[in-house]
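K.L.:
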Amino acid sequence: MLLTGDLAMKTSLLIPPGPAPVHQRLKMDGWFALSRAQFTSGKIQQRIAELSLRGQGRPEELKSVDPSSILSSMQSSFQLAGGVITLPALSFTVPGAAIQLQGAYGMEGGTLNFDGAAKLDAPISKMVGGWKGLLLSPADRLLKKDGVATEVPIQIAGTREKPEFTIQFDRLKISGKR
Numbered sequence: 002m003l004l005t006g007d008l009a010m011k012t013s014l015l016i017p018p019g020p021a022p023v024h025q026r027l028k029m030d031g032w033f034a035l036s037r038a039q040f041t042s043g044k045i046q047q048r049i050a051e052l053s054l055r056g057q058g059r060p061e062e063l064k065s066v067d068p069s070s071i072l073s074s075m076q077s078s079f080q081l082a083g084g085v086i087t088l089p090a091l092s093f094t095v096p097g098a099a100i101q102l103q104g105a106y107g108m109e110g111g112t113l114n115f116d117g118a119a120k121l122d123a124p125i126s127k128m129v130g131g132w133k134g135l136l137l138s139p140a141d142r143l144l145k146k147d148g149v150a151t152e153v154p155i156q157i158a159g160t161r162e163k164p165e166f167t168i169q170f171d172r173l174k175i176s177g178k179r
């Protein structure tokens, strides 16, 4: 299990006959909303807590906050076919951050392949804090976009057990005219 929480879902289900395992034949098309969510992987939940605290401009609290106290929510339409869940417009939120992703999750092996953008409430200088944050102060206005303090393009790849979170610098559009 990848995560836990309160689930609301509406879907259609089709399991055509055939010799392949059920999870390979299973087809679904629907929508879901998950609230009060926590990831079952301690590593992922720790990263979610870090995202939330940094997104709120509170990096100094990283060592003092229990990661399980940070709850998230997500919603999206989805399609399931051939053991792959496709999410064309996944919205994921935690206090301090709203993330919009599109991509796929492989049920067998737990492969992750998502691209999108992270919109954070705090400017980059407050997310980092300390002397490094002071050095990043000039970047605050460059990463501000459409009323959001910081917006960065991201990618989530790897597997459920070893997720890889990266900023896609090649998609970062920096302009001093925002």
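Residues 2 to 179 (the numbering used here) are what the sequence shown spells out, left to right.
Beta carbons are placed, not taken as given, at the ideal position from N, Cα and C, and that holds for glycine.
#1: Based on the DSSP output, what are the partners of Ile155 in its beta bridges?
#2: Which runs of the alpha helix (DSSP H) at least 4 residues long sit entirely within the stretch 5-41? Give them in chain order.
#3: Assign Ala123 to one of two classes, buried (16 or more other C-beta atoms within 10 Å of its C-beta) or exposed (fewer than that).
#4: What number of angstroms, rounded off, separates the C-alpha of Met128 from the C-alpha of Ser36?
#5: If distances are taken between C-alpha atoms only, which option among Phe166, Gln103, Ala21 and Ala50 comes closest to Ala38?
#6: Identify which residue in Gly111, Gly134, Gln103 and Val149 has its Cα closest to the Cα of Ile155.
#7: Would you check if the stretch 140-149 and the stretch 112-126 touch, i.e. whether three or more CB-CB distances between them fall below 8 Å?
#8: Along the alpha helix (DSSP H) that carries Val129, what are the first and last residues, could you check?
#9: Using a Cβ-Cβ cutoff of less than 7 Å, which residues in the same chain neighbour Ile117 once the five nearest sequence positions on both sides are dropped?
P.N.:
Answer, in terms of the structure:
#1: Gly117 and Ile168
#2: 23-26
#3: buried
#4: 25 Å
#5: Ala50
#6: Gln103
#7: yes
#8: Ile125 to Val129
#9: According to the sequence displayed, residue 117 carries Gly and not Ile. The answer, listed in chain order, is Ile100, Gln101, Leu102, Gln103 and Ile155.
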